[in-house]
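Numbering (the numbering used here), first residue to last: 14 to 118.
Ideal Cβ positions, reconstructed from N, Cα and C, are used throughout, including at glycine.
Notes follow once the structure below has been shown.
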């Protein structure tokens, strides 16, 4: 072999190694994104199965007791009406708004 053939062989090997390194680097750069996508897909899949498990209730739940015939229903109890919170604050002095705002000169 002469010097030209050896030079071409060296350049060929260097080109192949460079292409291989660029390919490996690209794969390694994409790997964290692939792992994160896999993790999100796995979590979503688990949430789907967990939601299905929680939504299915056993059929053997006892029904609430029925009142005896002729018994009056208990009266409904409603929470007391508190009114608008802003109006209550306006009625209760707290000392914060004792002064008038400063006027522009």
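{"Check": "Spatial neighbours of residue 36 within its chain, please: C-beta separation below 8 Å, excluding the five flanking residues on both sides.", "Outcome": "none"}
{"Check": "In whole angstroms, give me the CA-to-CA distance for residue 24 and residue 45.", "Outcome": "33 Å"}
{"Check": "Could you compute how far the alpha carbon of residue 59 sits from the alpha carbon of residue 52?", "Outcome": "11 Å"}
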